[in-house]
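A.B. asks: If you count the sequence shown from 1, you need to add 473 to reach our numbering.
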Amino acid sequence: MSNEKGRRTDTRATISGPVSGQVAVGSGITQTQSVAPASSAVSEEDVRALRQLIRDLEARVAAEAPPETRAAALERVKELEEAVTAEVPDLTTLEYVRQWFGKHLPTVVGSVTALVIHPLVGKIVGAAGDTVVEEFRRRFGST
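#1: Using the C-alpha atoms, what's the distance from Pro540 back to Lys596?
#2: I need the DSSP call for Pro592, collapsed to helix, strand or coil.
#3: For Asp619, which of helix, strand or coil comes out of DSSP?
#4: Select from Ala600, Ala545 and Asp563 the residue whose C-alpha is nearest the C-alpha of His577.
#5: List the endpoints of the continuous alpha helix (DSSP H) containing Glu608.
#6: Measuring only the C-alpha atoms, how far is Val585 from Leu547?
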């Protein structure tokens, strides 16, 4: 290879290992990257729909919980709502609440699980980033 003055120029590159992304080798290279907004952005409509799902769960818990556990069960629903609507969903709380219902009110644990793995929750988790998504999958499966 020769440059514009006729002098020989060689450019060599060795890339090894787990590499991903762009690589450019040489002179006079211009690279640009465009990042489009995520299509999985959570809309106000999504948040309203999720809050309705939580209200539905709250109503079921209020109707089915025995009087001695009703207050605690409703408090767990509030914790679930706070955890899922946080800027970064609190996966530890989601897991804890599901386990609590499994132990104290097993007739409702299916509804709690259905809410935790609901596509709207998945969208919220997805908007929080890949690390949160991977942890969610580890805790709750690949739903």
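Yeah, the Cβ is synthetic: ideal placement off N, Cα and C, and Gly gets one too.
All values derive from a computational prediction rather than experimental measurement.
C.D. replies: Short version:
#1: Distance between Lys596 and Pro540, taken at the CA atoms: about 35 Å.
#2: Here Pro592 sits in helix by DSSP.
#3: Within the shown structure, residues of the chain are numbered from 474 to 616, placing residue 619 beyond reach of any answer.
#4: Between His577 and the set Ala600, Ala545 and Asp563, the nearest pair of CA atoms involves Ala545.
#5: Glu608 -> alpha helix (DSSP H) spans Asp603 to Phe613.
#6: Spanning the two alpha carbons is a distance of roughly 12 Å.
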